[in-house]
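Participant:
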């Protein structure tokens with residue numbers, strides 16, 4: 001098996017200590033060793049989400065979004081979803097299957113929604129909940145204005161539900177101080193853990209609402225997760241213990257070794273370097289300035305270059321695995337993740353790969369490497 | 001971290017190669033390496049379940065049961081559940097939350113249901129689906145008559161839905177030849193993999209029915225799993241790749257190194273030795289003869305011995321972690337799993353532990369060890 005550096009929209013390459021931690025001996029999830037692990041992990045997740053209430057689910061990010069919608073949106077209730085790509089479409093599908101009435105609002109090309117636009121849309125639609133994909137993994141469009149969106153939602157008596165799967169760890173987030181109502185995320189993106197764990201964090205308003213929302217699932221019942229944690233630091237069903245070892249280790253690195261702000265800066269500096277390279281070499285990236293993600297860069301490929309060709313070049317010449325295009329950009333773009341574990345050479349290789357594709361002027365890669373290093 | 005031998009109702013201790021396989025490099029779940037892994041795993045799971053249709057979910061066993069009920073039981077439909085312990089109660093709760101009408105039928109103490117009893121119950125209740133926990137992890141009651149139960153269910157125009165979480169790998173099972181309609185299972189029991197993966201396998205009748213059952217979930221939508229496999233050996237959402245490495249390795253050991261029948265025999269021989277010890281030392285096990293599991297042994301403790309004391313003795317003197325009692329047996333029993341990876345000394349230690357508790361005659365442990373070895 002070749003060890004390719006993953007620069008995907010997720011999963012990501014893991015720190016060697018995170019990889020190895022998965023091989024620790026299996027333990028009883030109803031025993032004292034597990035409770036100690038759960039206690040540690042919970043406290044790190046609470047810090048990361050800025051929330052008291054965080055449920056750890058054995059699931060993918062899609063599962064966490066389903067859990068969020070199931071607990072905070074009643075059947076028949078109207079949910080307004082900001083349509084930015086594949087993952088907002090998925091949230092819409094989840095909500096429909098769970099019996100909500102879904103209305104979509106589409107922002108301008110390559111942009112997210114502004115607070116004013118959301119206010120208009122809510123006044124028109126009378127929806128009582130808003131769903132937003134904070135960082136659209138399919139298009140690279142990010143919402144940095146979550147706090148304002150929450151304010152507008154509350155002014156319109158609506159809850160703000162946030163899919164932060166590829167946002168958390170790559171952008172500042174704090175459920176309580178930003179007054180977000182509920183946030184879903186997952187392990188395999190900017191938290192640098194293997195896939196298989198997912199989370200929902202929620203605040204006071206959402207907790208109040210949940211009491212009156214009819215249960216739609218036992219597996220996604222967040223009240224039972226909260227009860228199990230509070231009573232004994234356990235999970236209602238058997239959790240993925242080896243993935244928890246890995247997450248505990250990766251959060252140690254993120255929170256204690258690098259620091260959350262340093263971790264976010266690391267993503268931002270890498271993403272900026274990649275975006276800069278494309279533009280300074282005369283190319284175009286999909287998201288407009290101000291709406292660009294720290295964790296996913298989406299370059300529109302030059303005429304005549306297919307995503308499959310670009311990806312093959314990345315793998316074969318530069319040893320990096322980048323993602324293909326998605327949603328309506330499927331045939332014209334690639335997606336480069338800036339998440340996970342990498343050493344400096346990986347940044348150099350990713351820049352060199354793009355320099356080759358966009359025929360960048362000589363010296364640009366070196367110049368951007370200097371800028372990158374200065375920002376860390 | 002102490003390396004305790006887990007003899008729990010699950011999770012289980014892993015073969016060293018299974019443990020280490022989890023540390024393999026992360027790969028793209030939309031790339032060729034993943035498809036190869038998925039192809040291998042699928043073919044092993046198909047062999048193990050005796051079914052063409054097997055969905056691999058990132059979830060616990062509870063998730064798989066929820067997926068099974070969500071896809072094969074319509075809202076408002078009546079589901080008859082054989083009540084044998086905690087996990088049949090859980091299935092009932094899941095079905096109720098998903099909108100089914102649930103009726104319980106309770107077999108005699110320490111027994112499962114016979115085909116005749118099921119026939120009576122179905123004629124009375126007119127239920128169109130039956131839910132049975134093949135191996136009740138809480139009480140150690142096993143249904144070895146699944147094939148007959150399926151026949152009776154079909155004669156009464158009902159589907160048979162089987163929770164085989166701690167049954168698969170420990171007892172013979174074959175969805176197609178036994179004409180079971182749907183079977184749910186999980187990775188962390190007799191398949192000797194870490195927790196976090198779960199499965200639903202289903203046959204032709206269930207596939208036909210599923211077409212007309214209204215979707216209740218996107219995450220549990222088995223039709224979408226089937227579509228993704230058939231089209232490209234991928235999963236709809238991001239799967240737990242490192243757990244799949246482990247399961248692929250453990251199934252290699254079970255299917256190719258030991259052989260499925262040998263694997264089942266291994267559980268049976270260990271369980272028989274433990275049950276024998278208790279009875280020959282004058283104690284009692286909960287399940288009646290004919291209803292005893294190969295994977296979980298449930299001894300009723302001698303008067304005056306508390307489960308917590310027995311468990312502490314097991315850990316401290318014998319280095320084995322056994323489970324506490326559950327359901328109505330919580331205060332009077334322990335549960336000893338015979339699943340996972342162990343060398344012969346573990347069988348000896350488990351027997352010695354029980355010999356101590358039940359004050360067994362001298363030499364009984366050695367005698368039962370000989371019997372055990374002769375059965376492998």
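Residue numbers (the UniProt record's numbering), protein chains in the order written: chain A, 1 to 376; chain B, 1 to 376. For glycine and all other residues, C-beta sits at the position ideal for the given N, C-alpha and C. Predicted model only: the values in this text are computed from it and were never measured.
1. Using beta carbons (cut-off 8 Å, strictly below), is residue 321 of chain B in contact with chain A?
2. From residue 283 of chain A to residue 355 of chain A, what does the alpha carbon distance come to, in whole angstroms?
3. Are residue 315 of chain A and residue 4 of chain A closer than 8 Å when you measure CB to CB?
4. Output needed in chain order: residues of the stretch 52-68 of chain B with a Cβ under 7 Å from some Cβ in chain A.
5. Excluding the 5 residues flanking residue 258 of chain A on each side, which residues of the same chain have their C-beta closer than 8 Å to its C-beta?
6. What would DSSP say about residue 143 of chain A, mapped onto helix, strand or coil?
7. Is the beta carbon of residue 92 of chain B sitting closer than 8 Å to the one on residue 196 of chain A?
8. Within 10 Å of its beta-carbon, does residue 1 of chain A have 16 or more other beta-carbons around it, so buried, or fewer, so exposed?
9. Spell out the partners DSSP gives residue 5 of chain B in its beta bridges.
10. Are the beta-carbon atoms of residue 60 of chain B and residue 186 of chain B separated by less than 8 Å?
11. Residues of chain B with CB closer than 9 Å to the CB of residue 178 of chain A, please, in chain order.
12. Which residue or residues does DSSP assign as beta-bridge partners of residue 404 of chain B?
13. Could you name the residues of chain B that residue 31 of chain A contacts, counting a contact when the two beta carbons are closer than 8 Å?
14. If we count the other Cβ atoms within 10 Å of its Cβ and call it buried at 16 or more, is residue 128 of chain A buried or exposed?
15. Do you know offhand how far residue 249 of chain B's Cα is from residue 19 of chain B's?
16. Looking at chain B, which residues of the stretch 73-94 of chain A have a Cβ within less than 9 Å of any of its Cβ atoms?
17. Within 10 angstroms of its Cβ, does residue 157 of chain A collect 16 or more other Cβ (buried), or is it exposed?
18. Could you tell me whether the Cβ atoms of residue 289 of chain A and residue 271 of chain A are closer together than 8 Å?
19. Quick one: does residue 23 of chain A have its CB under 8 Å from some CB of chain B?
20. Could you check what DSSP says for residue 75 of chain B in three-state terms: helix, strand or coil?
21. For residue 19 of chain A, go through chain B and note every residue whose CB falls closer than 7 Å to its CB, in chain order.
22. Please determine, among B/300, B/38 and B/295, the residue with the shortest C-alpha to C-alpha distance to residue 285 of chain B.
23. Less than 8 Å between CB atoms is the rule here; does residue 183 of chain B satisfy it with respect to chain A?
24. Say whether chain A places a C-beta atom closer than 8 Å to the C-beta of residue 386 of chain B.
25. Around the C-beta of residue 261 of chain A, are 16 or more other C-beta atoms found within 10 angstroms, so that it is buried, or is it exposed?
26. Count the other CB atoms, across all protein chains shown, that sit within 10 Å of the CB of residue 333 of chain B; report buried if there are 16 or more and exposed otherwise.
27. Closer than 8 Å, CB to CB, is residue 166 of chain B near chain A or not?
28. Could you work out which residue in B/312, B/340 and B/268 is closest to residue 372 of chain B when comparing CA atoms only?
29. Which chain B residues are close to residue 14 of chain A, counting only those with a beta carbon under 7 Å from its beta carbon?
30. Under three-state DSSP, which class holds residue 61 of chain B?
31. For the stretch 137-148 of chain B and the stretch 162-171 of chain B, state whether three or more C-beta atom pairs, one from each stretch, are separated by less than 8 Å.
32. To which residues of the same chain is residue 74 of chain B closer than 6 Å at the C-beta, ignoring the five residues directly before and after it?
33. Name the chain A residues whose beta carbon is nearer than 7 Å to that of residue 298 of chain B?
34. Evaluate residue 66 of chain A with the Cβ neighbour count: other Cβ atoms within 10 Å of its Cβ, from every protein chain shown; 16 or more gives buried, anything less gives exposed.
35. What residues from chain A crowd round residue 194 of chain B, counting only those whose CB sits closer than 9 Å?
36. Hey, out of B/226, B/242 and B/280, whose CA is closest to residue 235 of chain B's CA?
Facilitator: Let me spell this out:
1. Locating residue 321 of chain B in the second chain gives position 321, counting from the first residue. True, the Cβ-Cβ gap to chain A drops below 8 Å.
2. If you number the first chain from 1, residue 283 of chain A lands on position 283. If you number the first chain from 1, residue 355 of chain A lands on position 355. If you take the alpha carbons of residue 283 of chain A and residue 355 of chain A, they lie about 10 Å apart.
3. Numbered from 1 along the first chain, position 315 holds the residue referred to as residue 315 of chain A. Numbered from 1 along the first chain, position 4 holds the residue referred to as residue 4 of chain A. For residue 315 of chain A and residue 4 of chain A, yes; Cβs fall inside 8 Å.
4. 58, 59, 60, 61, 62, 63 and 66
5. If you number the first chain from 1, residue 258 of chain A lands on position 258. Excluding positions up to five away in sequence, the list reads 266.
6. Counting from 1 along the first chain, the entry for residue 143 of chain A is found at position 143. Note: residue 143 of chain A maps to coil in three-state DSSP.
7. Numbered from its first residue, the second chain carries residue 92 of chain B at position 92. Numbered from its first residue, the first chain carries residue 196 of chain A at position 196. No. Outside cutoff.
8. Working through the first chain from its first residue, we reach residue 1 of chain A at position 1. Classification of residue 1 of chain A: exposed, given that the 10 Å Cβ count is below 16.
9. The sequence position of residue 5 of chain B within the second chain is 5, counting from 1. Note: residue 5 of chain B sits in a beta bridge opposite B/320.
10. Working through the second chain from its first residue, we reach residue 60 of chain B at position 60. Working through the second chain from its first residue, we reach residue 186 of chain B at position 186. Yes.
11. By one-based count along the first chain, residue 178 of chain A stands at place 178. Result: empty, since nearest Cβ-Cβ is about 26 Å, beyond 9 Å.
12. The question about residue 404 of chain B has no answer, for chain B in this structure spans 1 to 376.
13. As a working note, residue 31 of chain A is residue 31 in the first chain. What residue 31 of chain A touches in chain B: 321.
14. Within the first chain, the letter at position 128 stands for residue 128 of chain A. Buried, by the Cβ-count rule.
15. Against the second chain, residue 249 of chain B aligns to sequence position 249. Against the second chain, residue 19 of chain B aligns to sequence position 19. Distance between the alpha carbons of residue 249 of chain B and residue 19 of chain B: 9 Å.
16. 90, 93 and 94
17. Working through the first chain from its first residue, we reach residue 157 of chain A at position 157. Label assigned to residue 157 of chain A: exposed.
18. One-based indexing of the first chain puts residue 289 of chain A at position 289. One-based indexing of the first chain puts residue 271 of chain A at position 271. Against a cut-off of 8 Å, the Cβ pair of residue 271 of chain A and residue 289 of chain A comes out as no contact.
19. For the purposes of this step, residue 23 of chain A is taken as the residue at position 23 of the first chain. Yes, contact with chain B.
20. Along the second chain, one-based indexing puts residue 75 of chain B at 75. Three-state DSSP puts residue 75 of chain B in coil, outside helix and strand.
21. Translated into the one-based positions of the first chain, residue 19 of chain A becomes position 19. Result: 23.
22. Numbered from its first residue, the second chain carries residue 285 of chain B at position 285. Of B/300, B/38 and B/295, the residue nearest in Cα terms is B/300.
23. The residue labelled residue 183 of chain B in the question sits at position 183 within the second chain. Chain A contact via Cβ: absent.
24. Since the displayed chain B opens at 1 and closes at 376, residue 386 of chain B lies outside it and no answer follows.
25. Here the question's residue 261 of chain A lines up with position 261 in the first chain. Result: exposed.
26. Counting from one through the second chain, the residue named residue 333 of chain B turns up at place 333. Result: buried.
27. Sequence index remark: in the second chain, residue 166 of chain B carries index 166 (1-based). Chain A contact via Cβ: absent.
28. For this step, residue 372 of chain B is matched to residue 372 along the second chain. For residue 372 of chain B, the nearest C-alpha among the options comes from B/268.
29. To locate residue 14 of chain A, count along the first chain from 1; it is residue 14. By Cβ distance, chain B contributes 26.
30. Here residue 61 of chain B corresponds to residue number 61 of the second chain, with the count starting at 1. Residue 61 of chain B: helix per DSSP, three-state reduction.
31. yes
32. Position 74 of the second chain, counting from 1, holds the residue named residue 74 of chain B. The residues are 213.
33. As a position in the second chain, residue 298 of chain B is number 298, starting the count at 1. Correct list: empty, because the minimum Cβ distance to chain A is about 16 Å.
34. For the purposes of this step, residue 66 of chain A is taken as residue 66 along the first chain, with counting starting at 1. Burial call: buried.
35. Residue numbering aside, residue 194 of chain B sits at position 194 when the second chain is read from its first letter. The answer, in chain order, is 22, 26, 240, 241, 242 and 243.
36. Walking along the second chain from the start, residue 235 of chain B turns up at place 235. Among B/226, B/242 and B/280, the Cα nearest to that of residue 235 of chain B is on B/226.
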